[in-house]
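Take a look at the structure set out below.
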Amino acid sequence: MDYSQILQLQLRPNIIDLGWGHPDMQLLPHAQIQSATNAALHRWGGVMLTYGIDHGVGPLREQIADWIAQHEQVRPQLGEIMLSAGNSQALAHICTMLTQPGDVILVENPSYHLALRILRDAPVVIRGIPCDHEGVDVDALSAVLTECQQAGQRVAFFYTIPTFQNPTGTSLSPARRQQLAQVVAERGLRIVEDDVYRELWYEHVPAPSLWATLPRGTVIRLGSFAKSLAPGLRLGYITADVATIQRLAGSGLLDSGGGIAHFQSLIVSEIMANGDFADIVSLYRQRYGARCHALHAALLPLQAHGYQWYRPTGGYFLWMRLPAGRDEQQSLAQLEARGISALPGQLFSQGPLGYTALRFSFSLYDEATLGHAGAVIVDTLSN
Ligand SMILES: Cc1ncc(COP(=O)(O)O)c(C=O)c1O
Numbered sequence: 167m168d169y170s171q172i173l174q175l176q177l178r179p180n181i182i183d184l185g186w187g188h189p190d191m192q193l194l195p196h197a198q199i200q201s202a203t204n205a206a207l208h209r210w211g212g213v214m215l216t217y218g219i220d221h222g223v224g225p226l227r228e229q230i231a232d233w234i235a236q237h238e239q240v241r242p243q244l245g246e247i248m249l250s251a252g253n254s255q256a257l258a259h260i261c262t263m264l265t266q267p268g269d270v271i272l273v274e275n276p277s278y279h280l281a282l283r284i285l286r287d288a289p290v291v292i293r294g295i296p297c298d299h300e301g302v303d304v305d306a307l308s309a310v311l312t313e314c315q316q317a318g319q320r321v322a323f324f325y326t327i328p329t330f331q332n333p334t335g336t337s338l339s340p341a342r343r344q345q346l347a348q349v350v351a352e353r354g355l356r357i358v359e360d361d362v363y364r365e366l367w368y369e370h371v372p373a374p375s376l377w378a379t380l381p382r383g384t385v386i387r388l389g390s391f392a393k394s395l396a397p398g399l400r401l402g403y404i405t406a407d408v409a410t411i412q413r414l415a416g417s418g419l420l421d422s423g424g425g426i427a428h429f430q431s432l433i434v435s436e437i438m439a440n441g442d443f444a445d446i447v448s449l450y451r452q453r454y455g456a457r458c459h460a461l462h463a464a465l466l467p468l469q470a471h472g473y474q475w476y477r478p479t480g481g482y483f484l485w486m487r488l489p490a491g492r493d494e495q496q497s498l499a500q501l502e503a504r505g506i507s508a509l510p511g512q513l514f515s516q517g518p519l520g521y522t523a524l525r526f527s528f529s530l531y532d533e534a535t536l537g538h539a540g541a542v543i544v545d546t547l548s549n
């Protein structure tokens with residue numbers, strides 16, 4: 167079947183493509199979504215097929231609030247949540263509603279390359295802040311804030327992925343969290359927290375979001391059903407203080423078009439109510455956790471050759487630093503010749519990274535394929 171006019175994912179024959187951060191379609195819960203869709207249409211009829219309330223339907227917002235309370239011990243009020251069409255749309259909407267031309271947006275360097283694409287669509291200046299295995303370098307962040315202040319530039323927000331970051335797979339350490347909390351309190355920094363991988367933990371439950379731990383009004387957290395359920399639903403949510411949610415939900419876009427993803431919301435509401443959501447998330451943890459382990463284990467011999475990475479414990483990615491002097495494009499060309507594709511570190515950079523790297527995604531393929539791919543990568547890059 168030719169999906170070229172249907173899917174974003176375009177696989178090439180005879181290439182194991184570890185570049186895509188997409189879910190495995192075989193694991194997506196089509197039977198549960200089918201029965202939830204039938205149940206929702208039966209329950210709601212035409213209500214499901216017309217324009218929805220601007221914040222997004224109340225029942226799903228209540229269920230999301232319960233889910234957050236259960237997992238993060240803080241329950242957002244109904245007015246502190248709105249629905250989105252996923253984190254990409256939410257980020258674009260935040261840029262539209264909360265930035266002015268010439269504003270500075272700070273990002274981790276490296277950061278999710280497609281979030282950088284979204285930010286680059288806005289008339290803003292983007293500045294990368296170095297990060298390492300503990301997350302963002304908060305001293306460097308603070309220094310850039312001072313520079314911006316001295317230059318009379320307004321910093322609109324710091325876009326961060328503190329939990330299972332894309333591309334590095336790492337999470338913000340407790341020490342850095344504390345430091346960041348201090349900077350937020352002292353400098354009035356606003357944070358946009360992309361929390362898309364929260365549910366995909368493979369060893370330990372992640373620390374609560376920055377939204378749950380920093381003072382209200384400082385963090386806008388973007389949650390998504392793209393990784394915890396299915397990206398084709400195009401559904402996510404934003405948690406923030408009431409005033410910010412009112413501002414975001416009070417946009418012309420929603421005034422005209424009604425709540426985002428109204429139809430999908432009522433389907434997902436059924437899935438959360440009937441218990442399927444929790445089961446699906448736990449299946450994903452098992453399956454993607456096994457894949458994560460398989461790729462890491464297969465690549466281990468490379469560590470003796472100067473390749474370095476922090477073993478991911480959540481999310482979709484393994485971020486491999488290459489030994490000094492190893493070129494990204496040349497390494498990718500060698501891998502491509504052996505039937506393996508990945509993404510260059512450069513794609514995720516906003517300013518110099520100071521090292522070369524490759525990003526491998528382990529989400530699309532089963533353990534056997536990843537084991538085989540890992541062996542080919544080891545053979546190719548160790549020579
Ligand atoms: C960090 C990060 N944010 C956002 C997205 C996209 O989120 P959504 O599908 O909810 O738009 C991804 C998907 O790869 C991601 O890795």
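Per the working numbering: the sequence shown = residues 167 to 549.
Ideal Cβ placement from N, Cα and C applies to all residues, glycine included.
Since the structure is predicted, the reported quantities are computational estimates derived from the model, not experimental observations.
Query	Result
Considering VAL304, what are the terminal residues of the alpha helix (DSSP H) in which it resides?	304 to 316
Got a list of residues with beta-carbon closer than 6 Å to any non-hydrogen atom of ligand 1, in chain order?	GLY187, GLY252, ASN253, SER254, TYR278, ALA281, ILE327, ASN332, ASP360, VAL362, SER390, ALA392, PRO397 and GLY402
How about the segment 422 to 434 and the segment 273 to 281: do they share at least three Cβ pairs that are nearer than 8 Å?	no
Using a Cβ-Cβ cut-off of 8 Å (strictly less than) and excluding sequence neighbours within five positions of GLU359, which residues of its own chain qualify?	THR326, ILE327, PRO328, SER375, LEU376, TRP377, VAL385, ILE386, ARG387 and LEU388
Could you pull out every residue in the same chain whose Cβ sits closer than 7 Å to the Cβ of GLY550, ignoring the five residues on either side in sequence?	Missing from the structure shown is residue 550; the chain here goes from 167 to 549 and no further.
Can you give the beta carbon distance from PHE526 to LEU484, rounded, assuming they're within the 8 Å contact cut?	5 Å
Is DSSP giving SER170 helix, strand or coil here?	coil
Would you please state the rounded distance, in angstroms, between the beta carbons of GLY245 and VAL408? I believe it to be under 8 Å.	5 Å
So, at 6 Å on beta carbons, what are the nonlocal neighbours of ARG487 in its own chain, with the 5 sequence-adjacent residues on each side left out?	GLN474, TYR521 and ALA523
If I'm right that LEU585 touches VAL350 with Cβ under 8 Å, what's the distance once you round it to whole angstroms?	Since the displayed the chain opens at 167 and closes at 549, residue 585 lies outside it and no answer follows.
Determine whether the beta carbon atoms of GLU133 and ALA456 lie at a separation below 8 Å.	Residue numbering for the chain in the displayed model covers 167 to 549; residue 133 lies beyond these limits and cannot be assessed.
Assuming TRP210 and LEU414 are in contact, meaning their beta carbons sit under 8 Å apart, how far apart are those beta carbons, in whole angstroms?	Not a contact, Cβ separation roughly 25 Å.
Quick one: Cα of GLY511 to Cα of LEU280, how far?	13 Å
With DSSP as the reference, identify every bridge partner of CYS297, one or two as the case may be.	VAL302
With 16 other CB atoms within 10 Å as the buried threshold, where does ASN549 fall?	exposed
Mind checking GLY335: buried by the 16 CB within 10 Å criterion, or exposed?	buried
Rounded to whole angstroms, what's the CA-CA distance from SER250 to VAL270? Just pull it up for me.	24 Å
Under 8 Å, with one C-beta from each stretch per pair, do the segment 251 to 269 and the segment 397 to 404 reach the 3-pair mark?	yes
Once the 5 residues before and after ASP361 are set aside, which same chain residues still bring their CB inside 7 Å of it?	THR329, SER375, ARG387, LEU388 and GLY389
Can you give the Cα-Cα distance for PRO225 and SER435, rounded to whole angstroms?	7 Å
Just to confirm the assignment: which complete beta strand (DSSP E) runs, minimum length 3, are found wholly within the segment 353 to 439?	357 to 360, 385 to 390 and 402 to 405
Between GLY301 and the rest of its own chain, which residues show a CB-CB distance below 7 Å, the 5 nearest in sequence each way excluded?	PRO328, THR336, SER337, LEU338, SER339 and ARG342
By Cβ distance, which residues of its chain are closer than 7 Å to GLU238, with the 5 residues on each side in sequence left out?	PRO374, SER375 and ALA378
When you compare each of LEU175, GLY185 and ALA197 to ASP442 by their alpha carbons, which one comes out closest?	ALA197
State yes or no: is the C-beta of ILE556 within less than 8 Å of the C-beta of ASP303?	One cannot answer for residue 556 here, as it falls past the ends of the chain, which runs 167 to 549.
At the level of alpha carbons, what is the spacing between ILE199 and GLY212?	19 Å
Rounded to the nearest angstrom, how far is the Cβ of PHE528 from that of TYR482, given a contact under 8 Å?	7 Å
Is THR329 helix, strand or coil by DSSP?	coil
What does a CB cutoff of less than 7 Å around GLN176 pick up in its chain, not counting 5 residues either side in sequence?	SER170
Would you list the one or two residues that DSSP bridges to LEU484?	PHE526
Between the Cα of SER201 and those of ILE182, ALA439 and HIS459, spot the shortest distance and give me the residue it belongs to.	ALA439
To test your reading of the DSSP string, which unbroken beta strand (DSSP E) runs of 3 or more residues are found completely within the segment 440 to 469?	none
Using three-state DSSP, classify GLN249 as helix, strand or coil.	Sequence inspection shows Leu at residue 249; the Gln mentioned does not correspond to that position. Strand at LEU249.
Just to confirm, is the Cβ distance from GLY514 to PRO333 under 8 Å?	For the record, residue 514 in the displayed sequence is Phe; it is not Gly. It is a contact, given that the beta carbons lie within the stated cut-off.
Take GLY383 as the anchor and find which of LEU355, ALA503, ILE437 and ASP305 has the nearest alpha-carbon.	LEU355
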